[in-house]
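Position 77 of the sequence shown, counted from 1, bears residue number 192 in this note's numbering, the numbering being contiguous throughout. Glycine is no exception: its CB is placed at the ideal position from the N, C-alpha and C atoms. Here the structure is a predicted model, which means the values were calculated and not measured. For reference, the structure is listed below as structure tokens.
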Amino acid sequence: MNIAKWLKKAKKPLHLWCRGRYLRGQRAQFHNPTLSVFSSNCVGGCMLHDLKARFNSPFVNLFLNAEDYLKFLADPHHYSGLELQEIPADTGYPVGRWGDLTVHFVHYPDFATAADTFRRRLARVDYDNLFVIFSERDGCTYEDLQTFDALPYAHKVVFTHRPYEGIASAFYIEGFEQADCLGDILKWDKKTGRKIYDRFPFATWFNGEK
């Protein structure tokens, strides 16, 4: 039976079959399941989900603006010791105050669920096996890129909307050059089953490879 007939019989769209096949290949290359990931938005969590890795970090299904994320990265141990407080907000999703940082829990039903999940995952962070992801959006400036690039993390990457020769940690994502910042790289091509962030070799990068 050829693939087209099998897919029709299984009632599985071609793009989902392609996505599944692609991710199986990614998982076969991934050999660091205990890693922790800091990410300014949902990208890091989506990558971990693709690899079926445990969320050993609270930075899943949420985002921080660029300024707040960089504050956190400058002193994560300080913020990890602070309580998370709810902020009344007309956003359609819960919002928390973490010291002087604002955390947008965009994919949580209520603050109690968000805070409980956040605290449990925060306790799992392994600073000796840490990977840091940033995106050039949510108020990110060139100065923020420079600040991120100077942070003393062994494994870090910032996804940018155009190439920057002076930013060693930058990974340029094509297609957003006419915009002011990086667009939504969670979008995907249903013909190929690939998401925009798949252009970055995250499975092998999470192994600690350059």
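In angstroms with no decimal places, state the Cα-to-Cα distance between C296 and F286. About 13 Å.
Next on the checklist: Checking 8 Å against the spacing of the C-beta atoms, do A181 and G281 come in under that value?
Outcome noted: No, these two residues do not count as a Cβ contact at 8 Å.
Checking 8 Å against the spacing of the C-beta atoms, do N171 and T149 come in under that value? A Cβ-Cβ contact shorter than 8 Å links N171 with T149.
Reduced DSSP secondary structure (H/G/I, E/B, other) of A230
A230: helix per DSSP, three-state reduction.
Exercise. Quick one: what does DSSP say K271 is sitting in, helix, strand or coil?
Worked result: In the structure shown, K271 falls within a strand segment according to DSSP collapsed to helix, strand and coil.
Can you tell me whether K305 is buried or exposed, with buried defined as 16 or more other CB within 10 angstroms of its CB? The residue is exposed, with fewer than 16 neighbouring Cβ atoms inside 10 Å.
Where the beta strand (DSSP E) through A285 begins and ends: Counting along the chain, the unbroken beta strand (DSSP E) around A285 starts and ends at 285 to 287.
Next item on the list: Under 7 Å Cβ to Cβ from V240, same chain only, skipping five residues before and after it: list those, please.
Entry: Same-chain partners within the cutoff: S151, N171, S172.
Looking only at DSSP bridge pairs, what is E201 linked to? Under DSSP, E201 shares a beta bridge with G211.
| query | Straight-line CA distance for I202 to D225? | reply | Using only the alpha carbons, I get a separation of about 12 Å.
- DSSP three-state call for I83: helix, strand or coil? Outside the shown range of the chain, which is 116 to 325, sits residue 83, and nothing can be said about it.
Helix, strand or coil for D190, going by three-state DSSP, please let me know. In the structure shown, the three-state DSSP call for D190 is coil.
**Asked** For E251, which of N244, L245, D243, L260 has the nearest alpha-carbon?
**Response** Among N244, L245, D243, L260, the Cα nearest to that of E251 is on L260.
Identified DSSP bridge partners for W132 | Here W132 is not bridged, per DSSP, to any residue.
Put V152 into one of helix, strand or coil per three-state DSSP. Strand at V152.
Query raised in the report: Should the stretch 126 to 139 be called in touch with the stretch 226 to 239, which here means at least 3 C-beta pairs below 8 Å?
Result: Judged by Cβ distances under 8 Å, the stretch 126 to 139 makes no contact with the stretch 226 to 239, as fewer than three pairs qualify.
**Prompt:** How far does the alpha helix (DSSP H) with L260 in it reach, from first residue to last?
**Reply:** Boundaries of the alpha helix (DSSP H) around L260: 257 to 265.
Let's test the definition: count the other Cβ atoms within 10 Å of the Cβ of A189 and tell me whether it reaches 16, buried, or not, exposed. It is exposed - the Cβ of A189 has fewer than 16 other Cβ atoms within 10 Å.
Check your understanding: Of the choices A168, Y279, L129, whose alpha-carbon is the least far from that of R236?
Key -> Distances from the CA of R236 to each of A168, Y279, L129 were compared; the closest alpha carbon is that of A168.
Next on the checklist: In the DSSP output, which residue or residues are listed as bridge partners for H219?
Outcome noted: DSSP output for H219 lists F178, V210 as bridge partner(s).
*Bridge partner(s) assigned by DSSP for K310*: According to DSSP, K310 bridges with W303.
Member of T307, D243, F317, Y184 whose CA lies at the smallest distance from the CA of D215:
Looking at T307, D243, F317, Y184, the one whose alpha-carbon comes closest to that of D215 is Y184.
Option nearest H164 by Cα separation, candidates G323, T307, L301, F249: Ranking the options by Cα distance to H164, first place goes to L301.
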